[in-house]
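These protein sequence lines map, in sequence, to chains A and B.
Per our numbering, the very first residue in the first sequence carries number 1; after that it's consecutive.
Per our numbering, the very first residue in the second sequence carries number 1; after that it's consecutive.
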Amino acid sequence: TFEGKPKWQTNKLTYRILNYTPDMSVAEVDTSMEKALQVWAKVTPLKFTRIYSGTADIMISFGTRYHGDAYPFDGPQGTLAHAFAPSLAIGGDAHFDDDEFFTFRSSKGFVLFLVAAHEFGHSLGLSHSNVRGALMFPTYSFTDPNHFSLPSDDIRGIQSLYGPNRDRTPIQPDPEVPTTPNACDPNLILDAVTTLRGETMFFKDSFFWRRSPSRSVTQLPIKRFWLNAPNNIDAAYEDPVQDKLFFFKGRQVWAFNGINLVPGYPKTLSSFGLPSSVRKVSAAVHVKSSGKTLLFIDKVYYSYDARAKKMDRRYPQRVESGFSEMTGAVTAAHISNGYIYLYSGTNVYEFGLYSKKYLRELKNNFFLPC
Amino acid sequence: GPISQPSDKDEATAEHYLKSFYNLTDVTDETTAVRREAIQLTEKMKEMQKFFGFKVTGKLDKETMEMMKKPRCGVPDVAAYS
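Following this line, the structure appears as structure tokens:
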């Protein structure tokens, strides 16, 4: 919240759309604004009523450069919009920079619904969050408006001002709203880990942490990157030769080229030559030098020859027979700097990639900022 | 290889960013202006790096610059806003 915790003293608020962007139809703008306000109405007792004349609590307008307040816009890119905390006069008002290209739902432009939902957070009394993935994080990040759900950090923030929405059952927080995984949680068990074009991705529930070679880490919803990917994946790996990323969930496997689903996917696990008795893959990792993909099913693993497109003979083997000291079920795996990391519950075990010699035990968040 | 230094354009972008979102102010006392401005810039840079969870160095590194170039909301992150 802002300093002094400014908030509206009534739960019945009005809004008025003063003008429109030429980028979208009037109906699209109206829908985007209505939907953005409902993001907050769903989790609080707040009710919003549109008015068409006079002064509303939240006056919505599009403008460029100097547009009548002390915060001029800066042309394309940079600042997209701003809004004022609850108070009289300009308080609550939301201004959108019309030098930007706003869209209804396309990623080729700024989705007005997402920008407006963020701004209305300010209009209601929220300041910026430093939680990546939160709606109130200061930078724009595309997500499909049809798959949007308010992150828990934002729910906590707005409910600290207005309380929950008691009209809705079940009582908030909505169980459908994903909670942001915490890298500092000592009980964190990652779903999957993979490299992707030099970066490393760590998956948990509907989110992933993206770690760049410079070690900067950002947390994002999975759907924000891969619209067609499932949440709560079981395993993932990258085949850099094919430039494909594979996700496993249950008996299905998805392949992506960058962020795009490869035609023909999802396929079943049998496309890897796995027997029909295998219900899910718990971890996967691809060794580029050998062209082998190791597919872990708890305490055993298979070796898939990606070049010959068939399963190697003499598998499955017990994980312990290939990786000494690894007695638990493997829950995730990835390769980094000549080491192979096998995750088991809250621990990570480091092995030499070629020697397969056990080197050390680490905590699950070793690669994550905590 | 040589360590790349931020360009004048990057430095100007950073200064504008910190003025907009971290309440970096112009120093008017001319006798000590340069030194005070440099100290304030470093402190505001640290404030920003802390907010975004970056390594806090007070220096304009690649990660900090990348964040400054992202499209964002015009409301300041930590500064007073009225």
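Ideal Cβ positions, reconstructed from N, Cα and C, are used throughout, including at glycine.
Near chain A, meaning a CB-to-CB distance below 9 Å, the residues of the stretch 62-80 of chain B are K62, E63, E66, M67, K69, K70, P71, R72, C73, G74, V75, P76, D77, V78, A80. Around the C-beta of Q49(B), 16 or more other C-beta atoms lie within 10 Å, and the residue is accordingly described as buried.
Contact of G53(B) with chain A by beta-carbon distance below 7 Å involves N130, P369. Look at the stretch 80-98 of chain A: the residues with a C-beta under 9 Å from a C-beta of chain B are L80, A81, H82, A83, F84, A85, S87, H95, D97. Judged by beta-carbon spacing, F62(A) lies beyond the 8 Å limit of Y15(A), meaning their Cβ atoms are not closer than that value.
Just measuring C-alpha positions, the residue of I17(A), T21(A), P230(A), D234(A) sitting nearest L261(A) is P230(A). Taking all protein chains in view, the Cβ of R72(B) is crowded by 16 or more other Cβ atoms within 10 Å, so the residue is classified as buried.
A distance of 8 Å or more separates the beta carbons of T293(A) and Y349(A). Excluding five sequence positions before and after S107(A), the CB atoms of its chain that fall closer than 7 Å to its own CB belong to F142, given in chain order. Annotated as distal: G92(A) and S127(A), with beta-carbon spacing of 8 Å or more. Taking a cut-off of 8 Å on C-beta distances, the stretch 34-48 of chain B does not touch the stretch 216-229 of chain A, as fewer than three cross pairs fall below it.
For H67(A), the closest Cβ of chain B is not nearer than 8 Å. Only residues of its own chain outside the window of five on either side were considered, and among them P76, L80, F110 have a CB closer than 7 Å to the CB of E100(A), listed in chain order. With respect to the 8 Å criterion, H334(A) and V300(A) are not classified as neighbours on the basis of their beta carbons.
The straight-line gap separating the alpha-carbon atoms of F323(A) and G163(A) is approximately 52 Å.
Non-local C-beta neighbours of T13(B) in its own chain, meaning closer than 8 Å and more than five positions away in sequence, comprise M65, M68, K69, ordered along the chain. The alpha carbon of P22(A) has as its nearest neighbour, out of F73(A), F104(A), S129(A), the alpha carbon of F104(A). For Y140(A), the nearest CB of chain B lies under 8 Å from its own CB, placing it at the interface with that chain. Between Q9(A) and the set P45(A), S129(A), F351(A), the nearest pair of CA atoms involves P45(A). Shown here, Y341(A) sits in a strand according to DSSP, grouped into three states.
Taking 8 Å as the CB threshold, G78(A) lines the interface with chain B. Taking each of S87(A), L88(A), Y358(A), A192(A) in turn and checking the Cα distance to F246(A), the smallest one comes out for A192(A). DSSP places W226(A) outside both helix and strand once states are collapsed to three, so it counts as coil. Identification of chain B residues near S214(A) by a Cβ-Cβ cut-off of 8 Å yields K62, E63, ordered along the chain. Residue burial is scored here from C-beta neighbours: L274(A) has at least 16 other C-beta atoms within 10 angstroms and is therefore classed as buried. Within chain B, the C-beta atoms nearer than 8 Å to that of F110(A) come from P71, in chain order.
Residue environment: D154(A) is assigned as buried (16 or more neighbouring CB atoms within 10 Å of its CB, all protein chains considered). Three or more beta-carbon pairs separated by less than 8 Å are not found between the stretch 339-356 of chain A and the stretch 202-218 of chain A, which leaves the two stretches without contact. In its chain, beyond the 5 residues on either side, L269, I297 have a beta carbon closer than 7 Å to the beta carbon of V278(A). The beta carbon of K280(A) is closer than 6 Å to those of D234, G250 in its chain, skipping five residues each way along the sequence.
Beta-bridge pairing by DSSP links L60(B) to no other residue. Looking at the DSSP output, N257(A) bridges to N260(A).
The C-beta of G198(A) has fewer than 16 other C-beta atoms within 10 Å across all chains shown, which makes the residue exposed.
Below the 8 Å Cβ cutoff, chain B contributes C73, V75 as neighbours of H122(A), in chain order. Membership of E11(B) in the alpha helix (DSSP H) is indicated by the continuous run 8-21.
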